[in-house]
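Engineer: To convert a position in the sequence shown, counted from 1, into the numbering used here, add 381.
Note that the Cβ used here is the ideal one computed from N, Cα and C, for glycine as well.
Quick caveat: nothing in here was measured; it's all calculated off a predicted structure.
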Amino acid sequence: MSQDQLSISEAQKRLLQLMQEVHYGKIEDLVISGGEPVMGLNVKVLRDVKLSGESSRKPVFADRDYLDKPQVVEMLRQFRRLGDGVVQLVEIHDGLPFRIHIVEMVRL
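1) Rounded to whole angstroms, what is the Cα-Cα separation between E391 and H482?
2) Which partner residues does V491 have in the DSSP bridge list?
3) Check whether the Cβ atoms of G421 and G464 lie closer than 8 Å to each other.
4) Who are the near neighbours of D446 in its chain, counting only those whose CB is closer than 8 Å to its CB and skipping five residues on each side?
5) Closest by CA to K394, which one among H474, S433, L457?
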């Protein structure tokens with residue numbers, strides 16, 4: 382499935398931009414409604430900061446290939462699958478989603 386900037390929602394775009402700003406770190410308790418991240422709420426961000434003074438940050442959202450990265454495509458697919466709920470943790474590596482922890486209530 383190919384994404385492009387015109388086919389993603391404003392909320393998805395804001396989340397992807399936030400992930401690139403964080404670069405390395407985590408987003409906690411991200412609310413998902415109708416398969417979309419709810420970005421109007423305060424979002425808890427934990428940044429991993431390397432203290433060596435090196436900075437390898439590069440703006441990648443301008444790179445059209447960013448939206449086609451398998452990690453981005455799969456994260457957005459998981460949000461749609463979840464529908465309504467909470468992503469307890471989004472781990473971010475090099476501005477990309479690396480792993481997500483989804484909270485699901487299951488009736489036994």
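Structural biologist: In short:
1) Rounded to the nearest angstrom, the gap between the Cα atoms of E391 and H482 is 23 Å.
2) Here the chain comprises residues numbered 382 to 489, so residue 491 is not present and cannot be evaluated.
3) Result no, Cβ atoms of G421 and G464 do not sit closer than 8 Å.
4) Hits under 8 Å: none found.
5) Closest option to K394, Cα to Cα, is L457.
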